[in-house]
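All remarks here apply to the structure that follows.
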Amino acid sequence: MEQVREREREQMRERAREQREHTDRVNSQQEQQQQPQQQQHQDQQQHQQHQQQSRLG
Numbered sequence: 022m023e024q025v026r027e028r029e030r031e032q033m034r035e036r037a038r039e040q041r042e043h044t045d046r047v048n049s050q051q052e053q054q055q056q057p058q059q060q061q062h063q064d065q066q067q068h069q070q071h072q073q074q075s076r077l078g
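Throughout, this note's numbering is defined as the position within the sequence shown, counted from one, plus 21.
Below you can see the structure in the form of structure tokens.
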């Protein structure tokens with residue numbers, strides 16, 4: 022059971038890294054697309070903050 026959780030965590034990390042690389046690539050190609058991506062980034066930050074708060078609580 023623990024192994025499955027570990028593997029899922031690995032996949033999530035991999036996906037996040039690929040997403041970041043893709044975002045960087047798109048940004049360098051067309052800076053016009055930055056606005057929607059910034060919005061997405063803000064959503065991710067809020068999600069992370071929420072996780073941190075729940076961990077503290």
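For glycine and all other residues, C-beta sits at the position ideal for the given N, C-alpha and C.
query, result
"Note down, in chain order, each residue of its chain lying with its Cβ closer than 8 Å to the Cβ of Gln50, except the 5 sequence neighbours on either side.", "none"
"In this structure, how does DSSP classify Gln40 when only helix, strand and coil are distinguished?", "helix"
"From His43 to Gln32, what distance separates their C-alpha atoms?", "16 Å"
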